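Visitor: Residue numbers (my numbering), protein chains in the order written: chain A, 4 to 120; chain B, 6 to 117. Every residue gets a Cβ at the ideal spot worked out from N, C-alpha and C, and that includes glycine. The model shown is predicted, which means the values in this text are computed figures rather than measured ones.
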């Protein structure tokens with residue numbers, strides 16, 4: 004069974020640039036969630052994708068956007084980068100069964116560490 | 006909204022000491038509860054979980070019981086090892102929106 008993978012592992016950008024982070028979900032999973040973890044803090048929910056559609060969003064501005072592909076992999080895009088966007092970005096995958104209730108266990112990837120200068 | 010409160014850290018213990026890390030939560034409905042662990046430079050690893058009241062999650066000697074009456078999910082281990090040194094996060098998963106809400110995390114250091 005393949006776990007959650009993310010790329011790249013590290014990234015350095017300058018203010019105003021755009022960035023794309025990638026995530027491959029664990030085999031058999033169909034739902035991907037993205038979290039931002041600032042240094043010394045707990046992760047904060049950005050958004051979740053299920054069946055290629057956004058299914059819930061946290062308190063993040065529209066310049067944070069995402070995609071989910073038919074193979075359930077996902078991208079997180081951030082436009083107009085700000086210094087405060089420097090953080091560890093974590094992707095988590097889970098399996099939601101058709102007709103099932105929300106509440107599935109989420110498994111995390113190793114994260115992408117983004118530094119904005 | 007949902008929230009998770011963890012005890013203030015950091016915590017430093019000697020090897021083989023008893024560990025308790027307190028966690029309380031506020032949520033609508035009946036969330037699932039989790040403890041995740043983060044080793045330096047890594048992502049989050051699921052340590053244990055409980056999905057309903059009075060459930061006990063356990064893994065690698067760690068235990069936590071879902072206490073609905075006190076809205077708590079305290080983490081315990083009878084004898085810690087140096088390899089347990091990490092950051093521990095308590096979290097809840099809302100059944101309404103499948104969103105994980107985390108506490109601030111607590112750093113545990115275990116000295117030989």
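Might you give, ordered along the chain, the residues of its own chain that have their beta carbon closer than 8 Å to the beta carbon of residue 85 of chain A, omitting 5 neighbours on each side?
Guide: Around residue 85 of chain A: 18, 119.
Visitor: Whose C-beta lies closer than 7 Å to the C-beta of residue 3 of chain B among residues of the same chain, with five residues either side of it excluded?
Guide: Here chain B comprises residues numbered 6 to 117, so residue 3 of chain B is not present and cannot be evaluated.
Visitor: So the candidates are B:93, B:46, B:56, B:39; which of them puts its Cα closest to the Cα of residue 135 of chain B?
Guide: An answer regarding residue 135 of chain B cannot be provided, because it is not within the stretch 6 to 117 covered by chain B.
Visitor: Could you say which of B:38, B:112, B:50, B:70 lies nearest to residue 97 of chain B if we only look at CA atoms?
Guide: Comparing Cα-Cα distances from residue 97 of chain B to each of B:38, B:112, B:50, B:70, the minimum goes to B:38.
Visitor: Using 8 Å for Cβ pairs, my map puts residue 35 of chain A next to residue 96 of chain A. What's the rounded Cβ distance?
Guide: 5 Å between Cβ atoms; contact.
Visitor: Can you check DSSP and say which residues form a bridge with residue 94 of chain B?
Guide: Looking at the DSSP assignment, residue 94 of chain B forms a beta bridge with B:41.
Visitor: Use the C-beta contact count for residue 73 of chain A: other C-beta atoms within 10 angstroms, 16 or more gives buried, fewer gives exposed.
Guide: Classification for residue 73 of chain A: exposed.
Visitor: Tell me, which residues are paired with residue 111 of chain B by DSSP?
Guide: B:93.
Visitor: Looking at the C-beta of residue 75 of chain A, does it have a partner C-beta in chain B at a distance below 9 Å?
Guide: No, residue 75 of chain A lies away from the interface with chain B (no Cβ there is under 9 Å from its Cβ).
Visitor: From which residue to which residue does the beta strand (DSSP E) around residue 62 of chain B run?
Guide: Per DSSP, residue 62 of chain B belongs to the beta strand (DSSP E) from 61–64.
Visitor: Going by the CB atoms, is the gap between residue 68 of chain A and residue 82 of chain A shorter than 9 Å?
Guide: Yes, the Cβ-Cβ distance between residue 82 of chain A and residue 68 of chain A is below 9 Å.
Visitor: Under the rule that 16 or more other beta-carbon atoms within 10 Å means buried, what is residue 87 of chain B, buried or exposed?
Guide: With fewer than 16 Cβ atoms within 10 Å of its Cβ, residue 87 of chain B is classed as exposed.
Visitor: Along chain B, in chain order, which residues have C-beta atoms closer than 9 Å to that of residue 51 of chain A?
Guide: Going along chain B in sequence order, the residues near residue 51 of chain A (Cβ under 9 Å) are 102, 103, 104.
Visitor: If residue 114 of chain A and residue 8 of chain A are in contact, beta carbons under 8 Å, what's the gap, nearest whole angstrom?
Guide: About 11 Å; that fails the 8 Å criterion.
Visitor: Is it the case that the Cβ atoms of residue 52 of chain B and residue 108 of chain A are separated by a distance below 9 Å?
Guide: Cβ distance not < 9 Å, so residue 52 of chain B and residue 108 of chain A don't count as in contact.
Visitor: Taking residue 47 of chain B as part of the beta strand (DSSP E), name the residues at either end of that continuous run.
Guide: Segment: none, residue 47 of chain B is in no beta strand (DSSP E) and carries neither H nor E.
Visitor: Just checking my contact of residue 44 of chain B with residue 91 of chain B at CB under 8 Å: how many whole Å lie between their CB atoms?
Guide: Yes, they are in contact, since the Cβ atoms of residue 44 of chain B and residue 91 of chain B sit about 5 Å apart, within 8 Å.
Visitor: State the DSSP-derived secondary structure class of residue 88 of chain B, mapped to helix, strand or coil.
Guide: The answer is helix: DSSP assigns residue 88 of chain B an H, G or I state.
Visitor: Ignore the nearest five residues each way along the sequence and tell me which others in residue 63 of chain B's own chain have a CB closer than 7 Å to its CB.
Guide: Closer than 7 Å at Cβ, skipping near neighbours: 53.
Visitor: Quick one: which chain A residues come within Cβ less than 9 Å of residue 47 of chain B?
Guide: What residue 47 of chain B touches in chain A: 113, 114.
Visitor: Use the C-beta contact count for residue 106 of chain B: other C-beta atoms within 10 angstroms, 16 or more gives buried, fewer gives exposed.
Guide: Counting Cβ neighbours within 10 Å, residue 106 of chain B comes out buried, since at least 16 surround it.
Visitor: For the beta strand (DSSP E) that residue 77 of chain A lies in, which residues bound it at each end?
Guide: Residue 77 of chain A -> beta strand (DSSP E) spans 77–81.
Visitor: What residue range is occupied by the uninterrupted beta strand (DSSP E) comprising residue 78 of chain B?
Guide: Neither: residue 78 of chain B is in no beta strand (DSSP E) and is coded neither H nor E.
Visitor: With DSSP as the reference, identify every bridge partner of residue 69 of chain B, one or two as the case may be.
Guide: For residue 69 of chain B, which the question treats as bridged, DSSP gives the partners B:62, B:80.
Visitor: Just tell me which of A:12, A:13, A:24 has its CA closest to the CA of residue 71 of chain A.
Guide: When only C-alpha atoms are compared, the closest one is A:24.
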